[in-house]
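Structure first, then comments.
So, in structure tokens, the structure goes:
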């Protein structure tokens, strides 16, 4: 369990020109619940996925506080099957969206530990995304 915060710390390093609130002092203190978590997640996933059209079997867990990099953040977990570049569908993906100061900040690819015990509900909005 101690390896998770260390492993995730590397995930939140520099992303080129993309600033992140997780590294700044703005993320200090108690985090507010992300009231618009569904809309923020959609906006973030639209830019995260190479092709947001044709996502299937989407489900989402309501945000819960999890420790990331030694600090508490709200994390929402996603299950979905994206359309591959060749038009086929392969394996279901699990991703975690981390919220900072009530807004979606980052998508984490290796989310199995962060999403352990998450309760998923259908997320049809993700399946209806367009370019």
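Residue numbers (my numbering): 1260 to 1390. Backbone N, C-alpha and C fix where the C-beta goes; we use that ideal spot for every residue, glycine too.
- Per DSSP, reduced to three states, the secondary structure at residue 1325 is strand.
- Considering only 1322, 1297 and 1313, the residue with the shortest C-alpha distance to residue 1387 is 1313.
- Per DSSP, reduced to three states, the secondary structure at residue 1388 is coil, with no helix or strand assignment.
- Three or more beta-carbon pairs separated by less than 8 Å link the region 1338-1355 to the region 1301-1313, which places the two stretches in contact.
- With 16 or more other Cβ atoms from the protein chains shown falling within 10 Å of its own Cβ, residue 1364 counts as buried.
- Setting aside the 5 residues that flank it on each side, residue 1353 is surrounded in the same chain by 1336, 1337, 1338, 1370, 1371 and 1374, each with a C-beta closer than 8 Å to its C-beta; the list follows chain order.
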